[in-house]
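Written below as structure tokens is the structure these notes are about.
Residue numbers (this note's numbering): 856 to 1013.
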């Protein structure tokens, strides 16, 4: 009888061991399938992140290009503002000179005698002064236009 009891114990132990091995046999393939699914999901996520990274790099390049364009436009605006300020100053100087000339002309008209009609003693205003000022203004404007063209050409090549 003790042998029978020993066989029953061995049978019970073998049955328990078999049951554990059966559970493991079911568990490991299931775990393997789950890990494969997770790996596939991670690969998809990596691919998605790579695509997003590519888009971000493209957007960054576009932003840099737009920033450079903005800087160029700001420089051009600054040049135009400087040109406008210079033109206003020249116009103001021209108007002041024109008023001075007109004042001198009135004075020369009041002068009497056989004096050169282009010159009145005590007044150094000549009839050609407005033409000289106009010429200076035109020269300054032409020079400013050349400077602006050079600046725009330089900025366009950069």
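Heads up, the beta-carbon is just placed ideally off N, CA and C, and yes, glycines get one too.
Here's a check: name, in chain order, each residue in its chain whose Cβ is nearer than 6 angstroms to the Cβ of residue i, leaving out the five neighbours to either side.
i: residue 867; result: none
i: residue 927; result: 1010
i: residue 971; result: Note on residue 971: pLDDT 46, under 50, position unreliable in the model; no value is reported.
If the criterion is Cβ atoms closer than 8 angstroms, does the pair residue i and residue j meet it?
i: residue 992; j: residue 945; result: yes
i: residue 934; j: residue 1000; result: no
Indicate the three-state DSSP secondary structure (helix, strand or coil) for residue i in the structure shown.
i: residue 856; result: coil
i: residue 907; result: helix
i: residue 861; result: helix
i: residue 979; result: Because the pLDDT at residue 979 is just 49, under 50, the model does not fix this residue reliably, and the point stays unresolved.
Rounded C-beta distance between residue i and residue j? I'm assuming under 8 angstroms.
i: residue 912; j: residue 952; result: Between residue 952 and residue 912 the Cβ distance is about 60 angstroms, and since that is not below 8 angstroms, they are no contact.
Leaving out five residues on either side along the sequence, give the residues of the same chain with a beta carbon under 8 angstroms from the beta carbon of residue i.
i: residue 941; result: 995, 999
i: residue 872; result: none
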